[in-house]
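*Asks:* Right, I'll just put the structure down here and ask away after.
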Amino acid sequence: MSGGVDSSVSALLLKQQGYEPIGTTLELFTGSSCCNIETYIDAKRVCNSIGIPHFTYNYKEEFKKNVIEDFIKCYSNCKTPNPCIECNKYMKFGVMWEKAKELGCNYIATGHYAKTEYSKKYGRWILKKSKNKNKDQSYVLWSISKELIEHIIFPLSNFENKDEIRNIAKENKLQIANKPDSEDICFIPDGNYKRFLEQNSDIKPRKGNIVNSIGEILGKHTGLYNYTIGQRKGLGISYKVPLFVIGFNPIKNEVIVGEKSELYKKEVTVKDINLLLVDEIKDWIEVEVKTRYSSKSAKARIKQVEDKIKIVFDEPQRAITPGQSAVFYIGDIVLGGGKFEK
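Pasting the structure below:
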């Protein structure tokens, strides 16, 4: 429980449905938007209000190892990470599930907008999109263990909008009813990830060349970590046509730019795969793929090749970014996902 509206109402609904919930808050990073005195107090007040116990557990070392160090490593290797995915895998549905079992719990519940249910068709428990498609968070849950799905409850899965959640909080006199949502990376509440990297790692500004795809030098950059695939603004170069970041050469310390057409890819490969719906993809299958949390799904065919998955999109996709995740859907069901290679 973060002390926010979603997790608070989730706990309330579970209590109303006859469960015996235990409120838990994780201490992950001092000064983060979801780990501070205010969040701990808000979560405890909510639990007191609805009549359930509340505990706070310190998992700062585990968070540093599995989330922050991965975040830094990705930027060190010219990748763009999604720390929420790592946090869900290792923290909220990793160490927290182990703690839940220690407490004698049969399920773990969060305020995520997603859904779990048993599928007779597939003969297993499945992860699905929530009813609220605008808030759906199934994208950031693809990396959780498939064996855990039957032990997960998402109390908000069938609500169509956030106003319904806030109204429930108001009707039950929860003091957090009007608390704003947190949109930033939790451990970088000011949004300045560049400063965070410089202050918490060996990554420092190092100037180099900005070149096009044939090696022509067009300008200078301020450090590879300051740029991302698809970026156009802030390059400080002029050219006869608009140019975008299309890649990096870390050996030569170069930012590579190209025209808009060079941003699009039709075939890509993902690694670090996790399949939830099936154990293996033996033949080509048709799916829809999300390449970023905020992107629309794109039709594609996928096939497993050893420990990787090859994706062939029906239409070329813009700004495929190493480090980001591709999540595969069959209808509303999450098939699985993986991370884009370089």
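The numbering of the sequence shown is the numbering used here, which starts it at 4 and goes up by one.
Glycine included, each C-beta is placed from N, C-alpha and C at the ideal position.
Specify, as a first and last residue, the run of the alpha helix (DSSP H) that Arg-169 falls within.
*Replies:* Element bounds for Arg-169: 165-174.
*Asks:* Using a Cβ-Cβ cut-off of 6 angstroms (strictly less than) and excluding sequence neighbours within five positions of Gly-149, which residues of its own chain qualify?
*Replies:* Note that residue 149 corresponds to Lys in the displayed sequence, not to Gly. These residues qualify, in order along the chain: Leu-279.
*Asks:* With a threshold of 8 angstroms, are at least 3 pairs of Cβ atoms found where one atom belongs to the stretch 200-212 and the other to the stretch 224-237?
*Replies:* Contact between the stretch 200-212 and the stretch 224-237 is present, because at least three Cβ pairs lie under 8 angstroms.
*Asks:* Does DSSP put Ala-103 in a helix, in a strand, or in coil?
*Replies:* In the structure shown, Ala-103 sits in a helix (DSSP, three-state: H, G or I).
*Asks:* In or out: Lys-269 buried (at least 16 other Cβ within 10 Å) or exposed?
*Replies:* Flag for Lys-269 reads exposed.
*Asks:* According to DSSP, is Gly-334 part of a helix, a strand, or is it coil?
*Replies:* Gly-334: coil per DSSP, three-state reduction.
*Asks:* In chain order, what are the residue ranges of uninterrupted alpha helix (DSSP H) at least 4 long that sit wholly in the stretch 298-344?
*Replies:* The stretch 298-344 contains no whole alpha helix (DSSP H) run of 4 or more residues.
*Asks:* Can you tell which of Thr-42, Lys-136, Gly-222 and Ile-232 has its C-alpha closest to the C-alpha of Ser-160?
*Replies:* Ranking Thr-42, Lys-136, Gly-222 and Ile-232 by Cα distance to Ser-160 puts Lys-136 first.
*Asks:* Distance check for Pro-84 and Tyr-78, CA to CA, integer angstroms please.
*Replies:* One C-alpha to the other measures close to 7 angstroms.
*Asks:* With which residues is Gly-261 paired in a DSSP beta bridge?
*Replies:* In the DSSP output, where bridge partners are listed per residue, Gly-261 has Phe-247.
*Asks:* Would a C-beta distance cut-off of 9 angstroms place Glu-262 and Val-244 closer than the cut-off?
*Replies:* It is a contact, given that the beta carbons lie within the stated cut-off.
*Asks:* Do you know offhand how far Asp-184's Cα is from Phe-157's?
*Replies:* The straight-line gap from Cα to Cα measures roughly 18 angstroms.
*Asks:* What residues match up with Gly-194 in a beta bridge as DSSP calls it?
*Replies:* Looking at the DSSP assignment, Gly-194 forms no beta bridge with any residue, so it has no partner.
*Asks:* Is it a yes or a no for the stretch 102-121 touching the stretch 13-24, going by three-plus beta-carbon pairs under 8 angstroms?
*Replies:* Short answer: they touch.
*Asks:* Would you kindly report the start and end of the unbroken beta strand (DSSP E) that includes Phe-157?
*Replies:* Neither: Phe-157 is in no beta strand (DSSP E) and is coded neither H nor E.
*Asks:* Give the range of the beta strand (DSSP E) segment to which Phe-66 is assigned.
*Replies:* Per DSSP, Phe-66 belongs to no beta strand (DSSP E); it is in the alpha helix (DSSP H), 63-66.
*Asks:* Taking all protein chains shown into account, do 16 or more other C-beta atoms lie within 10 angstroms of the C-beta of Tyr-121, making it buried, or fewer, making it exposed?
*Replies:* Tyr-121 is exposed by the Cβ-count criterion.
*Asks:* Compare the C-beta of Met-99 with all C-beta atoms of chain D and state if any pair is closer than 9 angstroms.
*Replies:* No chain D is present in this structure, which holds just one protein chain.
*Asks:* Looking at the unbroken alpha helix (DSSP H) that takes in Arg-127, where does it start and where does it end?
*Replies:* No alpha helix (DSSP H) contains Arg-127, which is instead part of the beta strand (DSSP E) from 127-132.
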